[in-house]
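Asker: Each residue of the sequence shown is one higher than the one before, counting from -18 in our numbering. Cβ atoms here follow ideal geometry from the backbone N, Cα and C, with glycine treated the same way. In this text, all values refer to a predicted model and were calculated from it rather than measured experimentally. This is the structure I have questions about; it appears just below.
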Amino acid sequence: MRLVALSLVSLAALPANGQTQEPKTVRIDTLSVMDTLYHLSGGGANSLALIDEINGGVVLIDTKPPGWGQPVREALDGVTDLPVTTIINTHAHPDHAGSNGEFGAAALIVAHENTRANMARMDLYSSADAAGLPTKTFTDRFSLLEDIDRIELYHFGPAHTDGDVIVVFPAKGVAYMGGLFPSKATPVIDTRNGGSGVAFPDTLAKAVAGIQDVRLVVTGHGEPPVTYAGRGRRETGANRPWTGFMTWEDLKEYADFNRDFLAAAERAFRAGLSVEEAASALELPERYRDYGMEHARANIEAIYDELANR
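This is the structure in structure tokens:
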């Protein structure tokens, strides 16, 4: 069965105090009506799922926050009864990797070696009975499956963290960027886990130069413009463009945005401006007028710290 769009809601179990928790909603969409690659939204971060019918399992790219394993599984039940056998983590953050341990059949969990090290320091994975740490790591490149289902993993250097992975489906022309391209907005730079505001533009530029023939870019975050209210009733919100799907040209622009942001921060640093002054005086080209700037001040501070320690 192939569904163009499906919305499923899972109600969390009653906690000890008898109060119900907020329902966790995962929406699943096919990227192509005839394909086996699905997009899963909800939980704050995007995920992808490839139905690997040849080997009898599902490859899940990012598992969402802790407690979202069952809603993801229920969404997948609408399109397949195959278990999740392989997990790929784009980086260590719990909103992308928090439900790793909730897929017991997943014998293979793949991530960059730095991501595994970052996860191992987190309480979520560090207890004696914790599950979900990657079982297979790599440094620069890694491949899974073959032919139309082939998956290529790339690491080009530090940016959001020091273990960011781009997941590419070459035969499908699709790339998932995770935290490297969260949306058209200032990214989060997690310096505690090796992130770098100075390296961010170069890492993106290497990705643009090193990956070929991608048409559709799935960002790490972004909400779909279509919502479903009840069985079969569809409501489309006005003025709600989906920031979760982009083109390769959008990625090139995002690389330029981060380079221009870095250049502005470096000019302010050399001029002796404080972080607050630099944030207040920040001016970027008009082409970025619609970009979200929520993390602008934090990113200037991160860049200042790197420049000061050179």
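Can you round the beta-carbon distance between G175 and N95 to whole angstroms, since I take them to be within the 8 Å contact cut?
Answerer: The pair is a contact, with the Cβ atoms about 6 Å apart (cut-off 8 Å).
Asker: Apply the 10 Å Cβ neighbour rule to I35 and answer buried if 16 or more other Cβ atoms are within range, or exposed otherwise.
Answerer: Answer is exposed; the Cβ neighbour count stays below 16.
Asker: Any heavy atom of the ligand COA within a distance shorter than 7 Å of the CB on E234?
Answerer: The ligand COA is not among the ligands present in this structure, which contains no ligands whatsoever.
Asker: Which class does G50 belong to by DSSP, given the choice of helix, strand or coil?
Answerer: Residue state, collapsed to three classes: helix.
Asker: Does the beta-carbon of T228 have 16 or more other beta-carbons within 10 angstroms, so that it is buried, or is it exposed?
Answerer: Label assigned to T228: exposed.
Asker: Could you tell me the alpha carbon to alpha carbon distance between F181 and A140, rounded to whole angstroms?
Answerer: Approximately 4 Å between the Cα atoms of the pair.
Asker: Tell me which residue opens and which closes the alpha helix (DSSP H) that D33 is part of.
Answerer: First-last for D33: S28 to D33, but that is the beta strand (DSSP E), not the alpha helix (DSSP H).
Asker: What are the start and end residues of each continuous alpha helix (DSSP H) run of 4 or more residues lying completely inside the segment 229 to 272, in chain order?
Answerer: Fully enclosed alpha helix (DSSP H) runs of 4 or longer: 229 to 251 and 256 to 262.
Asker: Under 8 Å between the Cβ atoms of V155 and L197?
Answerer: A contact, by the Cβ cut-off of 8 Å.
Asker: Less than 7 Å between C-beta atoms, sequence neighbours within five positions excluded: which residues of the same chain meet that for A26?
Answerer: These residues qualify, in order along the chain: D43, K45, D76, H77, G201 and H202.
Asker: Here's the rule: buried if 16 or more other CB atoms are within 10 angstroms of the residue's CB, otherwise exposed. What is S177?
Answerer: Buried, since its Cβ has 16 or more Cβ neighbours within 10 Å.
Asker: Applying the 10 Å Cβ sphere with the 16-neighbour rule, what's the burial state of E275?
Answerer: Its Cβ having fewer than 16 others within 10 Å, E275 is exposed.
Asker: Below 8 Å on the Cβ atoms is my contact criterion, and I expect L31 with I68 to pass it. Report the Cβ-Cβ distance as a whole number of Å.
Answerer: Going by Cβ atoms, the distance from L31 to I68 rounds to 11 Å, so no, they are not a contact pair.
Asker: In three-state terms, what does DSSP make of V207?
Answerer: Summary for V207: the model assigns pLDDT 40, below 50, so the residue's position carries little reliability, and this model does not support an answer.
Asker: Identify the continuous beta strand (DSSP E) that holds V195 and give its terminal residues.
Answerer: Run containing V195: none; DSSP gives neither H nor E here.
Asker: Just list the residues that DSSP pairs A92 with in beta bridges.
Answerer: Partner(s): T118.
Asker: Indicate the three-state DSSP secondary structure (helix, strand or coil) for M227 in the structure shown.
Answerer: Looking at M227 - three-state DSSP - the assignment turns out to be strand.
Asker: How is H202 classed by DSSP in three states: helix, strand or coil?
Answerer: Looking at H202 - three-state DSSP - the assignment turns out to be coil, as it is neither helix nor strand.
Asker: Quick check: what's the CA-CA separation for A(-3) versus A112?
Answerer: Below a pLDDT of 50, predicted positions are generally treated as unreliable, and A(-3), at 41, falls in that range; no measurement from the model is reported.
Asker: Y19: which of Y135, D130 and E258 sits nearest, CA to CA?
Answerer: For Y19, the nearest C-alpha among the options comes from D130.
Asker: Within the segment 99 to 185, note down every full alpha helix (DSSP H) run reaching 4 residues or more, in order along the chain.
Answerer: Correct list: 104 to 107.
Asker: Measure the Cβ-Cβ separation of G50 and S22 and say whether it is below 8 Å.
Answerer: For G50 and S22, no; Cβs fall outside 8 Å.
Asker: What three-state label does DSSP hand L41 in the structure shown?
Answerer: It is a strand residue.
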